[in-house]
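K.L.:
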Amino acid sequence: MEIILKSRITEGLRILYNSEVSDDLVQIHETRKEFIGDFTLVVFPLLRFSKNTPEKTGETIGRYLMDTFPSVTGFNVIKGFLNLEISPSWWISCFGGMLAGDDLLGKCRSDDPETILIEYSSPNTNKPLHLGHIRNNLLGFSLYRILSACGHRVIKTNIVNDRGIHICKSMLAWQKYGKGETPAKSGIKGDHLVGKYYVLFEREYRKQADVLIADGMDPVEAKNNAPLLKEAREMLVKWEAGDPETMELWNMMNSWVYEGFNETYRKLGVDFDKIYYESDTYKTGRDIIYNALQEGLLHENGDSSIWADLTDEGLDQKLLLRSDGTAVYMTQDIGTAVLRHEEFGFDRCIYVVGNEQNYHFQVLKAILKKMNYTWSEGLYHFSYGMVELPEGRMKSREGVIVDADDLIAEMIETAREVSLELGKLSDFPGNEKGEIYRKIGLAALKYFILKVDPKKNMTFNPAESIDFNGNTGPFIQYTYARIRSVFRKAEEAGITFSRNISLTVGAGAKEIQLIKLLRRFAFTVTEAAKTYSPALIANYCYDLAREYNQFYHDFTILGETDQTVRDLRMGLSEITGKVLSTGMLLLGIEMPERM
RNA sequence: GGUCCUAUAGUUCAAUGGAUAGAACGAAGGUUUCCUAAACCUUAGAUCCAGGUUCGAUUCCUGGUGGGACUACCA
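For the first sequence, the residue numbers in our numbering are 181 to 775.
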C-alpha cells in the first residue's frame with residue numbers, strides 16, 4: 181500500500197505542481213495512534229515544489245488522492261502531516277490474503293540468496309558455559325533462523341578452543357589432585373568437573389605465588405616462577421610435541437567436556453552443522469603464514485617471530501607466529517577462516533563474538549585482506565555486548581559467574597513455582613506439566629536476553645529472578661495459549677469459521693489495528709535480518725501480544741452473534757497465533773498449547 | 001595516550017530524522033456470573049552537557065563529561 185500511495189503521490193505532484201519529485205522526499209509511514217488516519221504523508225519536504233503553506237499543500241494532495249484513488253476515503257492535515265484514511269475494505273482484503281494462507285514470511289525472501297556461515301558459541305574446554313555464552317548461543321541461533329527465513333543458506337558452525345595453556349591447567353590439577361575422579365564416578369557433569377580442576381589450579385597456583393612473594397620475591401616474578409605454572413608450561417610443550425600420555429589425558433578430559441557441552445546445548449535448543457577444533461586449524465594457519473611470508477606479504481623480526489604490518493590500515497604490527505614457531509590465537513583464526521572458505525565458499529561469514537574482541541576481528545580482516553583473500557570482505561563481526569552482574573563483569577577465574585546449567589534449571593523451577601501458585605495445569609499429568617514448565621522457563625530466559633539490542637551491554641541481577649509478567653516471554657506464550665484455548669472451545673461448541681471474510685464486515689478500530697500490526701510482521705523480520713537484530717522481532721511479538729490481549733479483553737470472539745464479525749475475530753485470532761509462534765520460533769522459543 | 005561501543009522514568013528495556021518520547025518492573029488504585037486475571041484499565045515518573053546541520057534531532061555531526069571494552073610472543 182505504501183508503495184502504491186507513493187507512486188500515486190509522485191504522479192499527483194507531477195500533475196499538480198508540474199514537478200518531478202525524487203522518491204525519498206515522499207515519506208509515508210503509518211499514522212500514529214493518537215491521530216485519525218491510516219497512513220501519513222510528511223508534507224514538509226514537498227513545500228519547495230508546492231510553494232505554499234504545509235496546510236494548503238496537504239489539502240491539495242489529500243483532495244487529489246480522494247478524487248483519484250478509491251481506497252482513500254478521507255484525510256486530514258495537522259501541522260504539516262497529511263493523514264490519509266484507507267477504506268476498511270482494503271484492510272479486510274489485505275487480511276484476507278493472510279487468512280487464505282499466504283506465506284507469512286513470503287515477503288522476507290531475499291532476491292539474492294547467499295551462503296552464510298555463522299560462527300557462535302566458541303567455548304573453551306577448561307570450564308563450563310556461563311551466562312555470557314547463553315547470550316552468544318541465543319543470538320547466533322536466532323540469527324541463523326532469521327537469515328534462513330529470508331531464504332539464505334545458513335551454516336551453523338562452532339569453533340572449540342581446545343588447546344593452549346588454560347587446558348593444561350585443568351589437566352595438571354586433575355593429575356595432581358584428582359585421584360582418578362571421573363564424571364561417572366562422581367556424578368558431576370563433565371564440563372563442570374573439568375572446570376572444578378581449573379579453579380583448583382588457580383587457587384593452588386596463587387597460594388604458591390603468595391608464598392614466593394612472602395619470601396621476598398617480586399610479585400611479577402613470583403607469578404612467573406610458581407612451580408605449578410612451570411609444570412603447566414611443560415605440559416603444553418609436551419602436548420604440542422604430541423606426547424602420547426599427555427594426548428591421552430587431553431582426549432579423555434575433552435570428551436568429558438564435550439559431553440557436558442552437548443547437554444547444555446540440547447537444553448538450550450541450539451545446534452551446529454559443523455564443529456571446528458582449534459587443535460586442527462592452528463596448523464593450517466601456520467602453513468598459510470609461512471607461505472605468505474615467502475610471498476613477501478609478512479615480515480620476520482630479528483628473533484624469527486613473524487609479523488603482519490598493518491600500519492597502512494591505521495592498525496599496529498601484529499604477531500602471527502612466536503619466535504619459537506608456536507601459534508597464537510590469530511594464527512588459528514586465519515587458518516579457520518581459510519578452511520571454511522575452501523569448504524563452503526561463503527558469501528558472508530558472521531562471527532558472533534563479544535565486543536571485547538572488536539580489535540581482534542578488525543585485525544583478522546585486515547590481515548586476510550593483506551594476504552589477498554578477496555572474500556575477506558564478507559567477514560562480519562557480529563559484536564554483542566557483555567552480560568554484567570550488578571557488581572560488574574563476571575570473572576570465571578574468581579568464580580563470580582552465572583553458570584548456564586544452573587540458570588536454566590533455576591528458570592524451569594521458577595516456572596513450576598509460578599504455575600503452582602496460580603493453580604494452573606492442575607489436571608495435567610506430571611510429564612506433560614514438566615514439558616510446559618521447561619518451555620516457559622526457557623522462554624523467560626531467552627526472551628529476557630534477546631529483547632535487548634545485541635550491541636548493548638546488559639545487566640543481569642541474580643537476586644531478582646527474571647520476570648514472568650509484563651514484557652516477557654511467558655506473556656507472549658500466555659497470549660498464544662489463550663488463542664489455542666479459544667479454538668479448543670470453538671471445537672467443543674462446534675463453531676467453525678469461514679476464511680472468506682466479507683469485505684463489508686463491520687470491522688471496528690481495534691480489528692483494523694490488529695490487521696495493521698499483523699501486516700507489519702514480514703517487514704519486521706526483513707529489518708531484523710538486515711540489521712542483525714533479533715530484538716526487533718522480540719519487541720514486535722510483545723506489541724502484538726499486548727494488542728491482542730486488549731482486543732481479547734474488550735471483545736467477545738465466540739460469543740459474537742453476527743457471524744461475519746465472528747469470522748473476522750476468529751480469523752484475527754488464528755493469524756495472531758501463527759505470527760506469534762512463527763516470530764518466537766525465529767528467536768528459538770517454543771510455544772505451549774496451554775499454560 | 002590511541003581506537004571502538006555506550007548514555008532515555010527509581011530499575012530493566014523501546015522509539016526507518018517527524019506530531020504529545022513508548023512499555024515493563026517497582027509504587028498507588030480499580031476490573032472476574034462471560035472465550036485462561038501469567039490478563040485488562042487508571043495515576044505519578046525520563047532524553048548527560050554545550051554547540052552545529054535541518055522546516056523538524058532521543059536519533060546525524062563536532063566538542064566535553066560519565067560508564068564499558070580493546071590496545072599481550074593469553075585465549
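Idealized CB from N, CA, C, for every residue including glycine.
1) Between the alpha carbons of G525 and E299, how many angstroms are there, rounded?
2) If you follow the alpha helix (DSSP H) that L327 is part of, which residue opens it and which one closes it?
3) Near G192, what residues of its chain come up, given a Cβ to Cβ distance below 8 Å and the 5 sequence neighbours on each side ignored?
4) Sort E773, I469, T744, M432 by Cα distance to W354 and report the nearest one.
5) Grab the span of the alpha helix (DSSP H) containing C274 for me, first residue to last.
6) With burial defined as no fewer than 16 other Cβ atoms inside 10 Å of the residue's Cβ, what is the status of M427: buried or exposed?
7) Alpha carbons only, please: which of D734, Y728, G686, K758 is nearest the one belonging to T744?
8) Expressed to the nearest angstrom, what Euclidean distance is found between the alpha-carbon atoms of M278 and G621?
9) Of all the alpha helix (DSSP H) runs that stay within the bounds of the region 394 to 472, which reach a length of 4 or more residues?
10) To the nearest angstrom, report how far apart S202 and Y712 are at their CA atoms.
11) For the candidate residues G440, Y324, M415, whose alpha-carbon lies nearest to that of P363?
12) I'd like to check one pair, D342 with N405: are the Cβ atoms closer than 7 Å?
13) Please report the straight-line C-alpha distance between E361 and M591, rounded to a whole angstrom.
14) Output needed for K669: all residues of its chain with C-beta closer than 7 Å, excluding positions within five of it in sequence on either side, in chain order.
15) Which same chain residues, not among the five before or five after L392, have their C-beta less than 6 Å away from its C-beta?
16) Pick helix, strand or coil for K157, following the three-state DSSP scheme.
17) How is H209 classed by DSSP in three states: helix, strand or coil?
18) Which ranges does the alpha helix (DSSP H) cover as unbroken runs of at least 4 residues, wholly within the region 579 to 624, from first to last along the chain?
19) Of the choices I326, D492, R662, I681, whose alpha-carbon is the least far from that of H733?
20) To the nearest angstrom, report how far apart L767 and Y470 are at their CA atoms.
21) What's the C-alpha gap between F381 and Y660?
22) Measure how close the beta-carbons of E294 and R528 come, nearest whole angstrom, since I'm counting them as under 8 Å.
23) May I ask you to verify whether the region 551 to 566 touches the region 624 to 641, counting CB pairs closer than 8 Å and requiring at least 3?
24) Within 8 Å, do at least three Cβ pairs link the region 571 to 586 to the region 536 to 548?
25) With distances taken between CB atoms, is the gap from R315 to I629 smaller than 7 Å?
26) Kindly indicate the opening and closing residues of the beta strand (DSSP E) around Y553.
27) For V223, which residues of its own chain have a beta-carbon under 6 Å away from its beta-carbon, when the five flanking residues on both sides are left out?
28) Measuring only the C-alpha atoms, how far is L625 from I455?
29) Would the region 274 to 292 and the region 321 to 339 be scored as touching if the rule is three or more Cβ pairs under 8 Å?
30) For R596, which residues in the same chain have their Cβ closer than 6 Å to its Cβ, ignoring the five residues on either side in sequence?
31) Provide the residue(s) that pair with S563 in DSSP beta bridges, ordered along the chain.
32) D747 by DSSP, collapsed to three states: which one?
33) Within 10 angstroms of the Cβ of K619, are there 16 or more other Cβ atoms? Answer buried if so, exposed if not.
34) Taking Cβ to Cβ, would you say I339 is nearer than 7 Å to T516?
35) K447 and I588 look like a contact to me (Cβ under 8 Å); what is the Cβ gap, rounded to whole Å?
36) Does the region 497 to 514 come close enough to the region 475 to 486 to have 3 or more Cβ pairs within less than 8 Å?
P.N.:
Looking at the coordinates:
1) Rounded to the nearest angstrom, the two C-alpha atoms are 15 Å apart.
2) Per DSSP, L327 belongs to the alpha helix (DSSP H) from 311 to 329.
3) Scanning its chain for C-beta atoms nearer than 8 Å, with the 5 sequence neighbours on each side dropped, one finds around G192 the residues I241, Y244, L245, T248, in chain order.
4) Across the set E773, I469, T744, M432, the C-alpha of M432 shows the shortest separation from the C-alpha of W354.
5) Taken as a continuous stretch (DSSP letters only), the alpha helix (DSSP H) holding C274 covers 268 to 279.
6) By the 10 Å Cβ count, M427 comes out exposed.
7) With distances taken between Cα atoms, T744 lies closest to G686.
8) Whole-angstrom Cα-Cα distance: 31 Å.
9) Listed in chain order, the complete alpha helix (DSSP H) runs (minimum 4 residues) inside the region 394 to 472 are 399 to 405, 407 to 420, 424 to 448.
10) Approximately 29 Å between the Cα atoms of the pair.
11) Selected option, being the one with the closest Cα: G440.
12) No. Outside cutoff.
13) Taking the straight line from one Cα to the other gives about 30 Å.
14) Only residues of its own chain outside the window of five on either side were considered, and among them L738 have a CB closer than 7 Å to the CB of K669, listed in chain order.
15) These residues qualify, in order along the chain: A402.
16) Residue 157 lies beyond the range of the chain shown here (181 to 775); nothing can be said about it.
17) Here H209 sits in strand by DSSP.
18) Those alpha helix (DSSP H) runs which fall completely within the region 579 to 624 and span 4+ residues are 584 to 602.
19) Per the C-alpha coordinates, the member of I326, D492, R662, I681 positioned closest to H733 is R662.
20) Taking the straight line joining both Cα atoms gives about 43 Å.
21) Going by the C-alpha atoms only, they are around 49 Å apart.
22) Yes, E294 and R528 are in contact; Cβ-Cβ is about 6 Å, under 8 Å.
23) The count of Cβ pairs closer than 8 Å, one atom from the region 551 to 566 and one from the region 624 to 641, reaches three, so the stretches are in contact.
24) With a cut-off of 8 Å, the region 571 to 586 and the region 536 to 548 do not count as touching, because too few Cβ pairs lie within range.
25) Contact flag set, yes.
26) Annotation for Y553: no beta strand (DSSP E) segment contains it, and DSSP assigns it neither H nor E.
27) These residues qualify, in order along the chain: P234, T237, G238, G260, L262.
28) Cα to Cα, the separation comes out at about 26 Å.
29) When Cβ pairs closer than 8 Å are counted between the two stretches, the region 274 to 292 is seen to touch the region 321 to 339, the count reaching three or more.
30) Counting only Cβ-Cβ distances below 6 Å, and skipping sequence neighbours, we find Y617.
31) Answer is V533, bridged to S563.
32) In the displayed model, D747 falls within a helix according to three-state DSSP.
33) Looking at its Cβ environment, which holds 16 or more other Cβ atoms inside 10 Å, K619 is buried.
34) Remark: C-beta atoms of I339 and T516 approach each other more closely than 7 Å.
35) In this structure, K447 and I588 form a Cβ contact; the two beta carbons are roughly 5 Å apart against a cut-off of 8 Å.
36) Result yes; three or more Cβ-Cβ pairs closer than 8 Å.
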